[in-house]
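Structure first, commentary second.
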Amino acid sequence: MSAVTSTSTPRLPRVRASELVGRGWLNTGGKDVTLADLRGKVVVLDFWTFCCINCLHVLDELREIEARHRDVLVIIGVHSPKFVHEADPVALAAAVERYEVHHPVLDDPELVTWQAFTARAWPTLVVIDPEGYVVAQMAGEGHAHAVESLVGELVAEHEAKGTLHRGDGPYVAPQPQPTTLRFPADALELPGGTFLVADAGHHALTEVAADGETLVRRIGSGDRGLVDGGPGDARLSEPNGLCLVPDELRETLGYDVLVADTVNHALRGVRLADGHVTTVAGTGEQYMVGAVDNVVGGATETGVGDRWDARQVKLSSPWDVAWSPELAAFVVAMAGHHTLWAFDAVQGTITHLAGTMNEGLVDGAPADAWFAQPSRLSRAADGRLWLADAETSALRWFDPADGGTRTAVGTGLFDFGHRDGPAGQALFQHPLGVAALPDGSVLVADTYNGALRRWVPGEDGGAVSTLATDLAEPSALVLPAGDPDHVVVVESAAHRLTRVPLPAGAGTQVDGGAHRTQRPVTELGTDVALEVVFHPAAGQKLDDRWGPSTSLQVAATPPGLLLDGTGGDVALTRTLRLDPAVGEGVLHVTARAASCDADPAIEHPACHLAAQDWGVPVRVVDGAAAALVLPLHG
Numbered sequence: 015m016s017a018v019t020s021t022s023t024p025r026l027p028r029v030r031a032s033e034l035v036g037r038g039w040l041n042t043g044g045k046d047v048t049l050a051d052l053r054g055k056v057v058v059l060d061f062w063t064f065c066c067i068n069c070l071h072v073l074d075e076l077r078e079i080e081a082r083h084r085d086v087l088v089i090i091g092v093h094s095p096k097f098v099h100e101a102d103p104v105a106l107a108a109a110v111e112r113y114e115v116h117h118p119v120l121d122d123p124e125l126v127t128w129q130a131f132t133a134r135a136w137p138t139l140v141v142i143d144p145e146g147y148v149v150a151q152m153a154g155e156g157h158a159h160a161v162e163s164l165v166g167e168l169v170a171e172h173e174a175k176g177t178l179h180r181g182d183g184p185y186v187a188p189q190p191q192p193t194t195l196r197f198p199a200d201a202l203e204l205p206g207g208t209f210l211v212a213d214a215g216h217h218a219l220t221e222v223a224a225d226g227e228t229l230v231r232r233i234g235s236g237d238r239g240l241v242d243g244g245p246g247d248a249r250l251s252e253p254n255g256l257c258l259v260p261d262e263l264r265e266t267l268g269y270d271v272l273v274a275d276t277v278n279h280a281l282r283g284v285r286l287a288d289g290h291v292t293t294v295a296g297t298g299e300q301y302m303v304g305a306v307d308n309v310v311g312g313a314t315e316t317g318v319g320d321r322w323d324a325r326q327v328k329l330s331s332p333w334d335v336a337w338s339p340e341l342a343a344f345v346v347a348m349a350g351h352h353t354l355w356a357f358d359a360v361q362g363t364i365t366h367l368a369g370t371m372n373e374g375l376v377d378g379a380p381a382d383a384w385f386a387q388p389s390r391l392s393r394a395a396d397g398r399l400w401l402a403d404a405e406t407s408a409l410r411w412f413d414p415a416d417g418g419t420r421t422a423v424g425t426g427l428f429d430f431g432h433r434d435g436p437a438g439q440a441l442f443q444h445p446l447g448v449a450a451l452p453d454g455s456v457l458v459a460d461t462y463n464g465a466l467r468r469w470v471p472g473e474d475g476g477a478v479s480t481l482a483t484d485l486a487e488p489s490a491l492v493l494p495a496g497d498p499d500h501v502v503v504v505e506s507a508a509h510r511l512t513r514v515p516l517p518a519g520a521g522t523q524v525d526g527g528a529h530r531t532q533r534p535v536t537e538l539g540t541d542v543a544l545e546v547v548f549h550p551a552a553g554q555k556l557d558d559r560w561g562p563s564t565s566l567q568v569a570a571t572p573p574g575l576l577l578d579g580t581g582g583d584v585a586l587t588r589t590l591r592l593d594p595a596v597g598e599g600v601l602h603v604t605a606r607a608a609s610c611d612a613d614p615a616i617e618h619p620a621c622h623l624a625a626q627d628w629g630v631p632v633r634v635v636d637g638a639a640a641a642l643v644l645p646l647h648g
């Protein structure tokens with residue numbers, strides 16, 4: 015069957031939840047937390063890793079639920095790292111503070127609890143009832159309504175049984191130290207020599223003097239939100255990329271800086287004269303791949319080349335913006351669904367420029383290219399737009415002349431490291447920043463390696479060297495006017511801007527080794543029945559009024575691993591045939607399921623989309639399992 019239609023949430027057999035085991039705890043005041051401590055509460059385990067944009071979306075989805083039910087609900091973040099850097103407890107503590115995680119977090123670097131709850135994807139949610147039994151598992155994002163509904167069911171059931179205990183949970187808020195900047199994400203040099211900083215941790219834009227330290231002013235109230243207005247009233251939410259508007263457009267547009275307001279899923283225009291902030295693109299809601307309401311007033315998704323009124327289409331975690339004279343538009347790195355868009359500020363339109371919305375590393379034409387959390391952008395003198403493709407640890411470029419995307423350094427989603435040398439062998443670790451230099455080389459803020467790297471073009475794809483190390487999560491780079499011998503590095507985890515000299519030579523050669531994301535490998539036979547399980551939440555049903563309510567896409571790395579079963583279809587089941595000669599690789603499974611209110615009396619039913627991309631490491635073993643079950647919601 016492709017899915018189960020139901021008006022109540024199906025329950026798994028009563029299975030005791032496994033104990034929470036890891037290296038330590040955050041946000042508990044130094045105390046360990048056991049399941050016995052949580053008895054009487056509804057518990058939601060959120061398996062996440064802080065590099066993952068989908069995990070950050072889920073954190074935002076859970077905020078309101080957590081606030082509404084704090085006396086009966088305890089959310090536990092189980093941090094299960096993808097990258098080596100994410101296993102550093104200091105880096106994890108910074109991420110918990112950066113993303114305003116207001117619940118306990120279990121540090122699980124060895125994936126012990128991850129494996130105990132059979133998680134297969136970031137993010138995964140597991141719901142545990144007040145008696146300590148697992149009642150639901152959900153992968154991916156878009157489950158806020160289902161979680162809210164299930165919490166309501168469990169609270170009513172266990173209050174009636176007398177097994178619900180109201181009161182405070184184990185969360186203890188940390189005490190952050192005040193700093194001028196708080197987890198800065200990007201910066202740009204203003205004409206007067208000062209720097210405007212996307213001060214993500216303060217939900218504001220902060221102008222500092224040329225020394226990079228002295229506070230000049232703040233734009234934004236400091237409270238998370240989406241509100242236009244003057245510098246004391248406007249609200250932003252983790253603003254990220256910044257771009258100066260070309261001189262010739264400033265009077266027409268009425269603003270001087272374009273801001274990628276990431277968590278608001280919006281672009282904001284800022285007038286420097288008085289600090290006024292205006293929303294110029296996005297609705298404030300997140301674009302969900304597969305949903306029917308991504309455009310206001312239209313039941314449609316977007317495809318490459320589609321152009322929309324910029325204020326009528328939903329965006330998804332815009333991370334950076336860069337002006338492209340060749341396109342006469344601002345290019346937007348849309349990290350949330352792995353695409354590039356073009357914003358025509360004069361016409362007030364936005365166009366899906368490149369990317370399939372699948373996550374991965376595939377070069378080619380706009381409708382064929384795959385990106386993975388495209389982050390910072392930088393235009394080179396020849397018009398190329400260089401981009402840091404964070405989740406593939408890759409340096410890539412988009413050519414406006416032909417619309418093609420190509421890769422200079424990087425191989426895929428699960429390979430990373432710190433290795434210099436020929437570009438075909440060089441490795442980064444989740445880079446977030448790039449800056450194209452006049453000589454054709456490209457600087458890279460190699461974020462999770464804490465390094466400044468440089469790619470130099472040449473034969474056989476060029477080469478990579480390391481210019482500086484021991485930087486605290488460098489996230490962006492600024493080339494200061496009149497100072498070609500330095501670059502200003504945005505050290506996000508150190509809450510500062512740092513001026514770093516650029517050596518005249520090629521830099522040093524570092525070989526810190528190669529790494530591959532380590533997760534349990536699933537052993538499968540050659541013929542596999544794939545099933546994605548989805549049960550609509552209570553009071554919901556699958557709704558095909560706007561077309562099929564489910565979809566399933568399957569691919570593999572390497573592609574030859576799949577002899578049969580690749581491609582897309584509607585059903586959430588598929589028969590796969592694996593090639594034993596290839597032996598092992600990663601199955602890429604993307605599932606979507608939309609459900610709507612089941613009550614026929616509701617004229618305009620609310621609909622909700624659940625979505626997840628799995629990357630499942632597999633090994634072909636004779637006589638191994640003939641089935642692979644992935645719970646989207648079950």
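For my numbering, count along the sequence shown from 1 and bump the result up by 14.
Ideal Cβ positions, reconstructed from N, Cα and C, are used throughout, including at glycine.
Note that the coordinates shown come from a computational prediction; the quantities given were computed from them, not determined experimentally.
Inter-residue distance for Gln626 and Ala518 is about 46 Å (C-alpha atoms, whole angstroms).
DSSP assignment within the segment 435–498 yields no whole alpha helix (DSSP H) run of 4 residues or more. Taking C-alpha positions only, Pro452 is separated from Val470 by approximately 12 Å. Contact between His352 and Gly369 holds, with the beta-carbon distance rounding to 6 Å and staying under 8 Å. Within a 10 Å sphere around the beta-carbon of Asp122 sit 16 or more other beta-carbons, which makes this residue buried. Ala595 has its alpha-carbon roughly 28 Å from the corresponding atom of Thr132. When rounded, the separation of the alpha-carbon atoms in His179 and Arg53 is 8 Å.
Between Leu586 and Thr564 a beta carbon distance of about 5 Å is seen, short of the 8 Å cut, so the two are scored as contacting. The DSSP-derived three-state label of Gln129 is helix. Fewer than three beta-carbon pairs drawn from the segment 185–193 and the segment 90–103 are found closer than 8 Å, and the two stretches are therefore not classed as touching.
In the displayed model, Ser32 falls within coil according to three-state DSSP, outside both helix and strand. Of the residues Arg232, Asp74, Ala402 and Phe344, the one whose Cα lies closest to the Cα of Phe64 is Asp74. Annotation for Arg282: Val273, Asp275, Val291 and Thr293 place their beta carbon closer than 6 Å to its own, counting only its chain and skipping 5 residues before and after. For Cys69, the enclosing alpha helix (DSSP H) has its first and last residue at Ile67 to Arg82. Judged by DSSP in its simplified three-state form, Asp51 adopts helix.
No Cβ-Cβ contact shorter than 8 Å links Ala404 with Pro436. It is roughly 27 Å from the alpha-carbon of Asp583 to the alpha-carbon of Val310.
Residues of the same chain with a CB within less than 7 Å of the CB of His500, apart from the 5 flanking positions on each side, are Pro494, Arg513, Val514, Pro515 and Leu516 in chain order.
By the neighbour-count definition (other C-beta atoms within 10 Å, threshold 16), Arg588 is a buried residue. DSSP lists no bridge partner for Gly574. Here DSSP, grouped into helix, strand and coil, assigns Val86 to coil. Residue state for Glu227 is assigned as coil, using DSSP reduced to three classes. Taking C-alpha positions only, Val458 is separated from Trp39 by approximately 33 Å.
If you draw a straight line from the Cα of Trp128 to the Cα of Trp136, it is about 10 Å long. DSSP places Asp593 in the coil class of the three-state scheme, outside both helix and strand. Here Gly166 is exposed, its C-beta having fewer than 16 other C-beta atoms within 10 Å. By the C-beta density criterion, Thr480 is buried, having at least 16 other C-beta atoms within 10 angstroms. In this structure, Thr419 lies near Ala383, with their beta-carbon atoms less than 8 Å apart. Given a length threshold of 3 residues, each whole run of the beta strand (DSSP E) inside the segment 400–433 is given here in chain order: 408–413, 418–423 and 429–433. Under the three-state reduction of DSSP, Lys555 is assigned to strand. In the structure shown, the three-state DSSP call for Pro123 is coil. A contact is defined here as three or more CB-CB pairs under 8 Å, and the segment 170–178 fails this definition with respect to the segment 151–159. With a 10 Å radius around the Cβ and a threshold of 16 neighbouring Cβ atoms, Lys45 comes out exposed.
As computed with DSSP, Glu221 is found in a beta bridge with Leu210 and Arg231.
Straight across, the Cα-Cα distance linking Thr42 with Arg468 is about 41 Å. Using a Cβ-Cβ distance cut-off of 8 Å, the segment 355–373 and the segment 337–347 are in contact, since at least three pairs of beta carbons, one from each stretch, lie closer than that value.
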